[in-house]
Amino acid sequence: MVAPSIRLYVDVVSPFAYQAFHILRHDPVFKGVKVEYIPVFLGGLMHACGNTAPIQIKNKDKWIGQERLRWARAFGVPMKETTPANFPPNTLHTMRAVCTLSRQEGSESQDKLVRALEALYAAMWTEHAEIAKPDVFGPLLVKVLGEETAGKALADASTVGKTALKENTDKAFADGAFGLPWMVCTNAQGQTEGFWGVDHMGQVLQFMELPRPCEGGWKSVL
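Once you know that position 214 of the sequence shown is 214 in full-length UniProt numbering, the rest is easy, because the numbers rise by one and skip nothing.
Below, the structure written as structure tokens:
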């Protein structure tokens, strides 16, 4: 028997990655599961796969906005009804800065990363802040992490962050990802499988042999 775990790949530009992040962070069904959050650049991943963003496909661009709100309402994920202006922004520099946090020394690196992601997701999807701009995401990271930690993250973004983001994105691709959220799940028997999308959360529970709630958003996937 091994400790069940989930590796979640995220980019703050993806509303569905945000929803998966929120569910794994706050739903009690995942309380006993070790979750590792790995920041990637969705644009780079899509390019590596030859994939097309849903917003660029006629009819699907309208449907995907409705789907975003359906899942947000189902699982109680805070999210504005409207889409951010000039969506999708290029989050390359934002995600480079975020990536440096998981490379900083100390046992709290994952905690710092989670706090940064929570703040950026809230700014992007509940306030429609332009989090792709350095003069927006920089002060936000300082507010959440403090001058020293955020300052180092911002200073290292073009070196450590650039390398880390590429490595993480390549790892996501190697793990089978073609979009976000991508979840690599290992159950108590040591079996590992990949799952894509919030709409496959029910399959994640089944594979992980976790309790199957019969309320809230779980009614939509179980």
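For glycine and all other residues, C-beta sits at the position ideal for the given N, C-alpha and C.
Remember, predicted model here, so these are calculated numbers, not experimental data.
May I ask whether a heavy atom of the ligand GTP can be found less than 7 Å away from the beta carbon of residue i?
| i | result |
| --- | --- |
| Asn59 | You won't find the ligand GTP in this model; it holds no ligand whatsoever. |
Does DSSP put residue i in a helix, in a strand, or in coil?
| i | result |
| --- | --- |
| Pro88 | coil |
| Glu148 | helix |
| Thr159 | helix |
| Glu193 | strand |
| Arg68 | helix |
| Ser109 | helix |
| Arg7 | strand |
| Cys99 | helix |
| Val198 | helix |
| Val77 | coil |
Determine the closest residue to residue i out of the options, with distance taken between C-alpha atoms.
| i | options | result |
| --- | --- | --- |
| Asp199 | Met46, Ala122 and Pro181 | Pro181 |
| Ala150 | Pro28, Arg96 and Glu36 | Arg96 |
| Arg7 | Thr52, Lys162 and Ala20 | Ala20 |
| Lys34 | Arg25, Gly176 and Val136 | Arg25 |
| Pro88 | Thr159, Trp63, Ala132 and Glu118 | Ala132 |
| Ser5 | Lys162, Pro15, Asn187 and Phe207 | Asn187 |
Can you tell me which residues form a DSSP beta bridge with residue i?
| i | result |
| --- | --- |
| Leu45 | Its beta-bridge partners do not exist; DSSP assigns none. |
| Pro39 | Val10 |
How close, in whole Å, do the beta carbons of residue i and residue j come, if the pair is a contact with beta carbons under 8 Å?
| i | j | result |
| --- | --- | --- |
| Val10 | Pro39 | 6 Å |
| Gly179 | Trp196 | 6 Å |
| Met183 | Gly194 | 7 Å |
Can you find a C-beta in chain D that's less than 8 Å from the C-beta of residue i?
| i | result |
| --- | --- |
| Thr163 | The structure shown has no chain D; it contains just one protein chain. |
| Counting pairs of Cβ atoms below 8 Å between the stretch 123-132 and the stretch 36-47, do you hit three or more? | no
| request: Determine, using beta-carbon pairs with one atom in the stretch 137-157 and one in the stretch 100-112, whether at least three such pairs fall under 8 Å. | output: yes
| request: Inspect the CB distances between the stretch 69-82 and the stretch 107-119 and report whether three or more fall short of 8 Å. | output: no
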